[in-house]
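Numbering (this note's numbering), first residue to last: 1358 to 1592.
Beta carbons are placed, not taken as given, at the ideal position from N, Cα and C, and that holds for glycine.
First comes the structure, then the notes that go with it.
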RNA sequence: UUCUGGCGG
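Here it is as structure tokens:
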């Protein structure tokens, strides 16, 4: 069983979903891991409807979904923008004796964000007994995707107030929001704070957003100077 | 062997 699952996983990691599904069909024994691998394989390829189809096949086959199953299914719902199905998962996961821990809460929030329902995402966030940098990042990225810069700033501020340190991912979302709405000065402030207060090393994406913004207001020489100040080893 | 946020893979 483990050998079969390992083989299946190998094909998925290589991107050969066809070989993977062939292996899947030939397996005479399948457990939750087998199904989970295939669901995540389709999700990785952005074939969300196939992923959700496998998810329902799994249940039809009498295999009980575990935590990983639900995490993968939530991701597929988010990717496919299937709000109704995602909501159903959210509501039923409590019932089918799956513990709703932090990673589950975060996945649920992410699903709502991608489905465009920030209201639901915020509700989950607010009611979470504990949140981490991923939770904050999920909400911030959610607002960033919607171009809601004021909310990005708000949540970033709240996060700092609670003593949470931002990481590279948070700043990627923040800069992308700045870029989206063309807020140069705000971005500058974030850039300075990133290095001085929070000791996050700016990466290439961060530098690009900054240069784009500076260039956009016509300060091409500044933008160039800025890019030249970028360390060559920046990742 | 399958596992939550940005970019990458």
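Judged by DSSP in its simplified three-state form, residue 1523 adopts coil rather than helix or strand. Around the beta-carbon of residue 1476, fewer than 16 other beta-carbon atoms lie within 10 Å, marking it exposed. Going by beta carbons, residue 1481 and residue 1450 fall outside the 7 angstroms limit. Residue range 1577-1585 is occupied by the alpha helix (DSSP H) that includes residue 1585. Bounds of the alpha helix (DSSP H) holding residue 1462 are 1459-1471. Just so you know, the alpha carbons of residue 1411 and residue 1396 end up roughly 6 angstroms apart. Only residues of its own chain outside the window of five on either side were considered, and among them 1496 and 1497 have a CB closer than 6 angstroms to the CB of residue 1512, listed in chain order. For the options 1459, 1381 and 1445, the alpha carbon positioned closest to that of residue 1415 is the one of 1381. When the five nearest sequence neighbours on each side are left out, the beta carbons in the same chain lying within less than 8 angstroms of the beta carbon of residue 1536 are those of 1544, 1566, 1569 and 1570, in order along the chain. Look at residue 1479 here: in three-state DSSP terms it is helix.
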